[in-house]
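Visitor: The numbering used here runs 70 ahead of the 1-based position in the sequence shown. A virtual CB, placed ideally from N, CA and C, is assigned to each residue, including glycine. Given the structure is predicted, the values throughout are model-derived calculations rather than measurements. Take a look at this one; I'll ask things after.
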Amino acid sequence: MVKKAELHVHLEGTAPPALVRKLATANGAAIDPTTFKSDGEFAWRDFAEFLQCYDKAAATILTKDDYRLVTYDYLARCAAEEVIYVEMFSSPDHAAAVRMSYPDHLEGIAAGIEDAHREFGIEGRIIVTCVRHLGAERAESIARRFITHPHPYVVGFGMGGNEAVFNARDFASAFDIVTRAGYRTTSHAGEFAGPESIRDTLKYLPVSRIGHGVRVWEDPELLAEVAERKIPLELCPGSNVATGLFRSRRQHPFRQLMEAGCIVTLNSDDPPFFATSIGHEYDEAARAYSLTEMDLENITRNAVRTAFCSEELKEKLLSEI
Ligand code: ADE
Ligand code: ZN
71 MVKKAELHVH LEGTAPPALV RKLATANGAA IDPTTFKSDG EFAWRDFAEF
121 LQCYDKAAAT ILTKDDYRLV TYDYLARCAA EEVIYVEMFS SPDHAAAVRM
171 SYPDHLEGIA AGIEDAHREF GIEGRIIVTC VRHLGAERAE SIARRFITHP
221 HPYVVGFGMG GNEAVFNARD FASAFDIVTR AGYRTTSHAG EFAGPESIRD
271 TLKYLPVSRI GHGVRVWEDP ELLAEVAERK IPLELCPGSN VATGLFRSRR
321 QHPFRQLMEA GCIVTLNSDD PPFFATSIGH EYDEAARAYS LTEMDLENIT
371 RNAVRTAFCS EELKEKLLSE I
């Protein structure tokens, strides 16, 4: 089986409905019944509802040990699909919403990474993210905590959330705080906003990668620039189809972006919400974009080479592919 690596997955978005229910029961937390459909799957119809559903599911992850379990559980499933490396998004805003401190949140996730590494050999690292629709002040506050609480597993900073609100420029000061401290960054752009959002992100934020970035496809000049500057794209075809950006995987321009010279990676984003997994993304991409085993291995190499972890770890991972 092809070895895999993932750079774009939101930790709270990895917990399947059964785990969310288990945590809610164990914590005696009331879970909003509108979180699930009658068949037990997460209930949402569009991107706005998805973000709300995500928040409701995240509200059941209450303790440091819950974060350990969510992280361990995800990495265990990844290891079964021959994933060797996962760079996962943590969200201190979601932890704060359940009154968890920044250090407890990180320690819980780190314990899950260590447990999974001990048991399966899989490597995990953390990208701390801010949530765009919560605004620049919250982002700056996370950036400040980020630099005052370094952790060996925290390798970068990022931004998710609703791209339709605010402008990349509003977050320049948050991104500058972490960049000045020597960290690399990534930001969602060109998912629910068009190429202009990618342009603004590249203009105002010191990002090393773009989360999604798929809508670069709509602007040939920008596409040429992204390919020329070798700015890696964290592509998530299954997520984009599930949220209605494309009608099918075949309509997703994954192959065209690859052929235009972009550095592409394959990612699951929020797997149980989108009925996917990183293994499923590789399998479906192979089918929909006629990718050979060599293409898939090169996609894994792209991910490892553009990961934010240490060069020593990258060397070790590359030797495993
Ligand atoms: N948070 C979790 N998943 C997300 C996505 N696909 N886009 C933006 N923010 C998110
Ligand atoms: Zn995402």
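Where does Met71 sit, in a helix, a strand or coil, going by DSSP?
Guide: Start at 1 with the first residue of the sequence shown, and residue 71 comes out as number 1. Correct three-state label for Met71: coil.
Visitor: Given this structure, state the Cα-to-Cα distance separating Arg285 from Tyr253, to the nearest angstrom.
Guide: Working through the sequence shown from its first residue, we reach residue 285 at position 215. Working through the sequence shown from its first residue, we reach residue 253 at position 183. Taking the straight line joining both Cα atoms gives about 26 angstroms.
Visitor: Name the residue from Thr255, Arg299, Glu288 and Cys332 whose alpha carbon lies nearest to the alpha carbon of Met158.
Guide: Here residue 158 refers to the residue found at position 88 of the sequence shown. In this structure, Thr255 is the residue among Thr255, Arg299, Glu288 and Cys332 with its C-alpha nearest to the C-alpha of Met158.
Visitor: Which one or two residues does DSSP pair with Asp339 in a beta bridge?
Guide: Indexing the sequence shown from 1 puts residue 339 at position 269. Val79.
Visitor: When every heavy atom of ligand 1 is checked, does at least one fall within less than 7 angstroms of the C-beta of Gly231?
Guide: In the sequence shown, counting from the first residue as 1, residue 231 sits at position 161. Answer for Gly231: yes, Cβ within range of ligand 1.
Visitor: Assuming Phe227 contacts Val198 (C-beta within less than 8 angstroms), just tell me the rounded distance between them.
Guide: Looking up residue 227 in the sequence shown gives position 157. Looking up residue 198 in the sequence shown gives position 128. Yes, Phe227 and Val198 are in contact; Cβ-Cβ is about 6 angstroms, under 8 angstroms.
Visitor: Let me make sure I understand the geometry here. Which of Glu298, Arg147, Pro342 and Pro302 has the alpha-carbon closest to that of Ser309?
Guide: By one-based count along the sequence shown, residue 309 stands at place 239. Answer by Cα proximity: Pro342.
Visitor: Would a C-beta distance cut-off of 8 angstroms place His78 and Asn337 closer than the cut-off?
Guide: To locate residue 78, count along the sequence shown from 1; it is residue 8. To locate residue 337, count along the sequence shown from 1; it is residue 267. Going by C-beta atoms, His78 is nearer than 8 angstroms to Asn337.
Visitor: Nearest-angstrom Cα distance between Ala165 and Gly314?
Guide: Along the sequence shown, read from residue 1 onward, the residue named residue 165 stands at position 95. Along the sequence shown, read from residue 1 onward, the residue named residue 314 stands at position 244. Straight-line Cα distance between these residues: approximately 29 angstroms.
Visitor: Is Thr141 buried or exposed, if buried means 16 or more other CB atoms sit within 10 Å of its CB?
Guide: Along the sequence shown, read from residue 1 onward, the residue named residue 141 stands at position 71. Looking at its Cβ environment, which holds 16 or more other Cβ atoms inside 10 Å, Thr141 is buried.
Visitor: Please confirm whether Phe236 and Leu275 have their CB atoms less than 8 angstroms apart.
Guide: For the purposes of this step, residue 236 is identified with residue 166 of the sequence shown, where counting begins at 1. For the purposes of this step, residue 275 is identified with residue 205 of the sequence shown, where counting begins at 1. No, Cβ-Cβ distance for Phe236 and Leu275 is not below 8 angstroms.
Visitor: Given a cut-off of 8 angstroms, decide if Gly178 and Asp246 are closer than it, judged by their beta-carbon atoms.
Guide: One-based indexing of the sequence shown puts residue 246 at position 176. One-based indexing of the sequence shown puts residue 178 at position 108. Against a cut-off of 8 angstroms, the Cβ pair of Gly178 and Asp246 comes out as no contact.
Visitor: So, are the CB atoms of Thr105 and Lys126 less than 8 angstroms apart?
Guide: Taking the first residue of the sequence shown as position 1, residue 105 is located at position 35. Taking the first residue of the sequence shown as position 1, residue 126 is located at position 56. Cβ atoms of Thr105 and Lys126: closer than 8 angstroms.
Visitor: DSSP three-state label for Glu158, please.
Guide: Position 88 of the sequence shown, counting from 1, holds the residue named residue 158. In the sequence on display, residue 158 carries Met and not Glu. It is a strand residue.
Visitor: If Ile196 sits next to Val224, beta carbons under 8 angstroms apart, how far is it from one beta carbon to the other, in whole angstroms?
Guide: Locating residue 196 in the sequence shown gives position 126, where the first residue counts as 1. Locating residue 224 in the sequence shown gives position 154, where the first residue counts as 1. Contact holds; Cβ gap of about 5 angstroms.
Visitor: Buried or exposed, going by whether 16 or more other CB atoms sit within 10 Å of the CB of Ser243?
Guide: For this step, residue 243 is matched to residue 173 along the sequence shown. It counts as exposed.
Visitor: May I have the straight-line CA-CA distance separating Cys206 from Glu363, to the nearest angstrom?
Guide: If you number the sequence shown from 1, residue 206 lands on position 136. If you number the sequence shown from 1, residue 363 lands on position 293. A small correction: the amino acid at residue 206 is Ala; Cys does not occupy that position in the sequence shown. Near 42 angstroms, if we compare the C-alpha coordinates of Glu363 and Ala206.
Visitor: Excluding five sequence neighbours on each side, which residues of the same chain lie with their C-beta closer than 8 angstroms to the C-beta of Gly231?
Guide: Position 161 of the sequence shown, counting from 1, holds the residue named residue 231. Closer than 8 angstroms at the Cβ level, and outside the excluded window around Gly231, lie Leu121, Cys200, Val201, Arg202, His203, Leu204 and His258.
Visitor: Confirm the yes/no value for this check: CB of Ser309, any heavy atom of ligand 3, distance under 7 angstroms.
Guide: Although ligand 3 was asked about, the structure shown includes only ligand 1 and ligand 2 as ligands.
Visitor: Pro103: buried (16+ other C-beta within 10 angstroms of its C-beta) or exposed?
Guide: Here residue 103 corresponds to residue number 33 of the sequence shown, with the count starting at 1. Pro103 should be labelled exposed.
Visitor: Is the distance from the Cβ of Lys74 to the Cβ of Ile348 below 8 angstroms?
Guide: Start at 1 with the first residue of the sequence shown, and residue 74 comes out as number 4. Start at 1 with the first residue of the sequence shown, and residue 348 comes out as number 278. Lys74 is a Cβ neighbour of Ile348, given a cutoff of 8 angstroms.
Visitor: Could you tell me which whole beta strand (DSSP E) segments of length 3 or greater appear in the segment 227-266?
Guide: 254-259
Visitor: CB-CB under 8 angstroms to Lys107, same chain, minus the five flanking residues each way: which ones, in chain order?
Guide: Residue 107 sits at position 37 when you count from the first residue of the sequence shown. Excluding residues up to 5 positions away in sequence, Ala113 lie with their Cβ nearer than 8 angstroms to the Cβ of Lys107 in the same chain.
Visitor: Rounded to a whole number of angstroms, what is the C-alpha to C-alpha distance between Arg320 and Arg250?
Guide: Your numbering for residue 320 matches position 250 in the sequence shown. Your numbering for residue 250 matches position 180 in the sequence shown. Answer to the nearest angstrom: the Cα atoms are 41 angstroms apart.
Visitor: Once DSSP output is grouped into helix, strand and coil, what is the label at Arg357?
Guide: For the purposes of this step, residue 357 is identified with residue 287 of the sequence shown, where counting begins at 1. In this structure, Arg357 counts as helix in the three-state DSSP scheme.
Visitor: With burial defined as no fewer than 16 other Cβ atoms inside 10 Å of the residue's Cβ, what is the status of Pro86: buried or exposed?
Guide: Numbered from its first residue, the sequence shown carries residue 86 at position 16. Flag for Pro86 reads buried.
Visitor: Buried or exposed, going by whether 16 or more other CB atoms sit within 10 Å of the CB of Ser267?
Guide: By one-based count along the sequence shown, residue 267 stands at place 197. Burial check for Ser267: the Cβ neighbour count within 10 Å reaches 16 or more, so the residue is buried.
Visitor: Which whole runs of the alpha helix (DSSP H) in the segment 198-224 are 4 residues long or more, in chain order?
Guide: 206-218
Visitor: With DSSP collapsed to three states, give me the class of Leu132.
Guide: As a position in the sequence shown, residue 132 is number 62, starting the count at 1. Of the three classes helix, strand and coil, the one that applies to Leu132 here is coil, per DSSP.
Visitor: So does Tyr274 have its beta carbon nearer than 7 angstroms to some heavy atom of ligand 1?
Guide: In the sequence shown, residue 274 corresponds to position 204, counting from 1. Placement of the Cβ of Tyr274 at a distance of 7 angstroms or more from every heavy atom of ligand 1 is found.
Visitor: Counting contacts by CB-CB distance shorter than 8 angstroms, is Glu266 in contact with chain B?
Guide: Checking the listed chains, one finds no chain B in this structure; it contains a single protein chain.
Visitor: Straight-line CA distance for Ala355 to His322?
Guide: As a first step, residue 355 is located in the sequence shown; it is residue number 285 there, counting from the start. As a first step, residue 322 is located in the sequence shown; it is residue number 252 there, counting from the start. One C-alpha to the other measures close to 10 angstroms.
Visitor: Give me the Cα-Cα distance between Val277 and Thr271, rounded to the nearest whole angstrom.
Guide: For the purposes of this step, residue 277 is identified with residue 207 of the sequence shown, where counting begins at 1. For the purposes of this step, residue 271 is identified with residue 201 of the sequence shown, where counting begins at 1. Roughly 8 angstroms between the two C-alpha positions.
Visitor: Please report how far the alpha carbon of Leu89 lies from the alpha carbon of His187, in whole angstroms.
Guide: Taking the first residue of the sequence shown as position 1, residue 89 is located at position 19. Taking the first residue of the sequence shown as position 1, residue 187 is located at position 117. Going by the C-alpha atoms only, they are around 21 angstroms apart.
Visitor: Report yes if the C-beta of Gly281 is less than 7 angstroms from at least one heavy atom of ligand 2; otherwise report no.
Guide: Within the sequence shown, numbered from 1, the residue matching residue 281 stands at position 211. Correct: Gly281 has its Cβ closer than 7 angstroms to ligand 2.
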